Every structure is written in structure tokens, then in C-alpha cells.
Amino acid sequence: MVTCNLSSRLTDPEFQKAHPKQHATQLYLVLVLETQLYLVLVLETQLYLVLVLETQLYLVLVLETQLYLVLVLETQLYLVLVLETQLYLVLVLETQLYLVLVLETQLYLVLVLETQLYLVLVLETQLYLVLVLETQLYLVLVLETQLYLVLVLETQLYLVLVLETQLYLVLVLETQLYLVLVLETQLYLVLVLETQLYLVLVLETQLYLVLVLETQLYLVLVLETQLYLVLVLETQLYLVLVLETQLYLVLVLETQLYLVLVLETQLYLVLVLETQLYLVLVLETQLYLVLVLETQLYLVLVLETHNCI
Numbered sequence: 001m002v003t004c005n006l007s008s009r010l011t012d013p014e015f016q017k018a019h020p021k022q023h024a025t026q027l028y029l030v031l032v033l034e035t036q037l038y039l040v041l042v043l044e045t046q047l048y049l050v051l052v053l054e055t056q057l058y059l060v061l062v063l064e065t066q067l068y069l070v071l072v073l074e075t076q077l078y079l080v081l082v083l084e085t086q087l088y089l090v091l092v093l094e095t096q097l098y099l100v101l102v103l104e105t106q107l108y109l110v111l112v113l114e115t116q117l118y119l120v121l122v123l124e125t126q127l128y129l130v131l132v133l134e135t136q137l138y139l140v141l142v143l144e145t146q147l148y149l150v151l152v153l154e155t156q157l158y159l160v161l162v163l164e165t166q167l168y169l170v171l172v173l174e175t176q177l178y179l180v181l182v183l184e185t186q187l188y189l190v191l192v193l194e195t196q197l198y199l200v201l202v203l204e205t206q207l208y209l210v211l212v213l214e215t216q217l218y219l220v221l222v223l224e225t226q227l228y229l230v231l232v233l234e235t236q237l238y239l240v241l242v243l244e245t246q247l248y249l250v251l252v253l254e255t256q257l258y259l260v261l262v263l264e265t266q267l268y269l270v271l272v273l274e275t276q277l278y279l280v281l282v283l284e285t286q287l288y289l290v291l292v293l294e295t296q297l298y299l300v301l302v303l304e305t306h307n308c309i
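Pasting the structure below:
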């Protein structure tokens with residue numbers, strides 16, 4: 001208002017004519033006052049810019065703190081994942097030991113010919129392994145979902161950072177913030193690469209476990225084949241034993257037939273001997289009769305001789 005009043009008086013022609021020196025002095029004072037007001041305005045503008053810069057720096061600090069907390073959370077998640085991996089390896093080792101025990105049990109069962117119990121145990125073991133594999137796949141799916149959510153959160157934070165960076169690029173610290181953003185992006189890419197490598201390692205571990213399971217199934221198949229061959233061999237041996245038994249029975253039968261033949265021969269010889277004895281007896285009887293006849297003839301002759309005398 002003072003400037004406006006002074007300006008109106010300085011532009012008044014009558015005042016200029018009446019007070020020429022005062023007009024020049026007042027004009028100089030007005031110029032000085034306007035200069036000071038301009039400087040005050042410039043200073044207020046600079047203070048406002050400084051305040052805006054401090055506010056943006058504070059927001060950047062808050063965002064970096066949040067990113068640091070996110071990195072700490074990811075580190076803790078990674079440690080939890082490492083612990084779960086170790087527990088999983090311990091479980092795999094216990095499972096392998098259990099499989100060794102099962103194999104010994106199977107061999108023992110083969111020794112005692114308890115094939116049905118062995119098959120039940122093998123089936124339960126395979127079902128247990130399938131259940132373990134499904135549980136592991138479910139845990140991997142849950143972990144991938146959590147990692148995907150963390151990635152979405154990081155993407156949202158990254159978009160917020162990009163938006164604030166675009167608003168902040170109007171100021172002098174554009175280059176430095178851009179470098180900070182590039183560095184954080186590189187760190188993020190390194191973290192993503194490490195996560196992908198870890199997932200590849202987990203996948204290779206699962207493929208290895210699948211290969212181990214297939215190998216065990218193949219060994220079980222080989223063992224069943226061997227058992228089948230043993231059964232076939234025992235069957236053949238049994239058939240051989242049956243054949244030998246039949247041959248032995250045939251031999252016994254032939255021996256009995258031979259003995260019967262020998263007995264019949266002996267009986268025939270006895271019959272022949274009895275016949276010969278009977279003939280001898282008949283011959284002796286005839287000889288006896290001849291002797292009796294000769295005796296009678298002799299007596300007759302003696303009697304005739306006596307009569308003749």
C-alpha cells in the first residue's frame with residue numbers, strides 16, 4: 001500500500017513540479033523498498049524450496065527404511081527356507097534309513113517266505129513316499145505363493161518409488177536419486193536371480209528324489225523278478241523231485257515184479273521137484289511091486305521045485 005501511495009504521488013505532475021528533489025528521493029526510496037521486497041520474496045521462495053527438499057529427503061529416508069525392512073524380512077524368509085531345507089534333508093535321510101530297514105525286512109521276509117506281508121509293507125512305504133512328495137509339493141506351492149506376494153509388494157513399492165522419483169526429478173538431486181534407484185534395481189535383480197537359482201536347486205533336489213524313488217521301484221521290481229525266478233526254480237525242483245519219486249516207484253514196482261517172477265520161478269521149480277519126487281515114488285513103488293512079483297515067482301519056483309522033488 002505504501003508503494004502504491006508513493007507511486008501515485010510520484011506520478012502526479014503537480015507534485016513533481018512542486019517538489020523536484022523530494023520526488024527524486026522518494027523515487028529512490030521506492031526503488032530500494034521494492035528491491036528489498038523482491039529480495040524478501042526470493043528468500044521466502046528459497047526457504048520454501050529448502051522446506052520442500054527437506055520433505056522429499058525425509059520421504060526418501062522413510063522409503064529407504066521401508067525397503068531395508070523389506071530386505072530384512074526377505075533375509076528372514078530365506079533363513080526360514082534354509083532351515084526348512086535342512087529339516088527336509090534330515091527327513092529325506094530318515095526316509096532313506098527307513099527304506100534300508102524296509103529292504104532288510106523284505107529280505108528277511110523273503111527268507112521266511114512271508115511274501116504277502118512284504119508286499120503290504122512295500123505298498124505302505126510307497127504310499128508314504130507319495131504322501132511325503134505331495135506334502136513337499138504343497139509346501140513348495142505355498143512358498144511360491146508367499147514369494148509371489150512379496151514380489152507384488154516389492155513391485156508396488158517400486159512403483160511408488162518410481163512415482164516419487166518422477167515428482168522429485170524436478171529438483172537438483174535428480175541424478176543422485178536416479179543412481180540410488182539404479183542401485184536398488186540392481187540389488188532387486190540380484191535378489192530375484194538368487195531366488196531363481198534357489199528354486200532351480202529345489203527343483204533339481206525334487207528331480208533327484210524322484211530318480212531315487214524310481215530306482216527303488218526298479219530294485220523292488222528286480223527283487224520281485226528274482227523271487228519269481230526262485231519260485232520257478234523251486235517249482236522245477238519240485239517237479240524233478242516228483243519225477244524222481246515216480247522213477248523210484250517204477251523201480252520199486254519193477255523190483256517187486258522181478259521178485260514175483262523169481263517167486264513164480266521158485267514155485268515152478270518146487271512144482272518140478274515135487275513132480276520128480278512123485279515120479280521117483282512111483283518108480284520105487286513099481287520097483288517094489290516088481291520085487292514082490294519076483295519074490296512071488298521065486299516062491300512059486302521054490303514050491304514047484306519042492307513038488308518036483
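Take the sequence shown: its position 2, counted from the start at 1, is 2 in full-length UniProt numbering, and no numbers get skipped.
All residues carry an ideal CB built from backbone N, CA and C; glycine is no exception.
Keep in mind that this is a model prediction, so the values were computed, not measured.
Cβ distance (whole Å) where residue i is taken to contact residue j below 8 Å
i: VAL102; j: VAL140; result: Their Cβ separation, rounded to whole angstroms, is 26 Å, which puts VAL102 and VAL140 out of contact at 8 Å.
i: LEU153; j: THR195; result: Going by Cβ atoms, the distance from LEU153 to THR195 rounds to 14 Å, so no, they are not a contact pair.
i: THR135; j: LEU121; result: That belief does not hold up - the Cβ atoms of THR135 and LEU121 are roughly 21 Å apart, past 8 Å.
i: THR115; j: LEU227; result: 7 Å
i: VAL180; j: GLU74; result: Rounded, the Cβ-Cβ distance is 19 Å, inconsistent with contact.
i: LEU171; j: LEU53; result: 6 Å
i: LEU129; j: LEU213; result: 6 Å
i: VAL70; j: LEU157; result: 7 Å
i: LEU209; j: VAL92; result: 7 Å
i: LEU81; j: LEU173; result: Actually they are not in contact, since the Cβ atoms of LEU81 and LEU173 sit about 38 Å apart, beyond 8 Å.
7 Å Cβ shell around residue i - same chain, five flanking residues per side excluded
i: TYR98; result: none
Residue i burial status per 10 Å Cβ neighbour count (16 or more: buried)
i: LEU161; result: buried
i: TYR178; result: exposed
i: THR125; result: buried
i: residue 311; result: Summary: the structure shown does not reach residue 311, with the chain confined to residues 1 through 309, and so no result is reported for it.
i: TYR58; result: exposed
i: TYR68; result: exposed
i: residue 322; result: The requested residue 322 does not occur in the structure, where the chain is confined to residues 1 to 309.
i: TYR168; result: buried
Own chain partners of residue i with C-beta closer than 6 Å, once the 5 adjacent residues on each side are dropped
i: THR85; result: none
i: GLN266; result: none
i: GLN56; result: TYR168
i: LEU133; result: none
i: LEU291; result: none
i: LEU283; result: none
Residue i beta carbon near the ligand GDP (any heavy atom closer than 7 Å)
i: LEU237; result: This structure simply doesn't include the ligand GDP, nor any ligand for that matter.
Beta-carbon proximity list for residue i, same chain, < 8 Å, skipping 5 on both sides
i: MET1; result: Because the pLDDT of MET1 is 41, which lies under 50, any placement of that residue in the model is unreliable, and the question is left without a value.
| task | Just list the beta strand (DSSP E) runs in the region 234-300, keeping only unbroken ones of 3 residues or longer that don't cross its boundaries, in chain order. | result | With a minimum length of 3 residues, no continuous beta strand (DSSP E) run stays inside the region 234-300.
| field | Runs of beta strand (DSSP E) lying entirely within the region 198-228, each at least 3 residues, in chain order | value | Restricted to the region 198-228, not a single beta strand (DSSP E) segment is unbroken, complete and at least 3 residues in length.
| request: Go through the region 24-110 residue by residue and report every complete run of the alpha helix (DSSP H) that reaches 4 residues or more, in order. | output: Listed in chain order, there is nothing to give.
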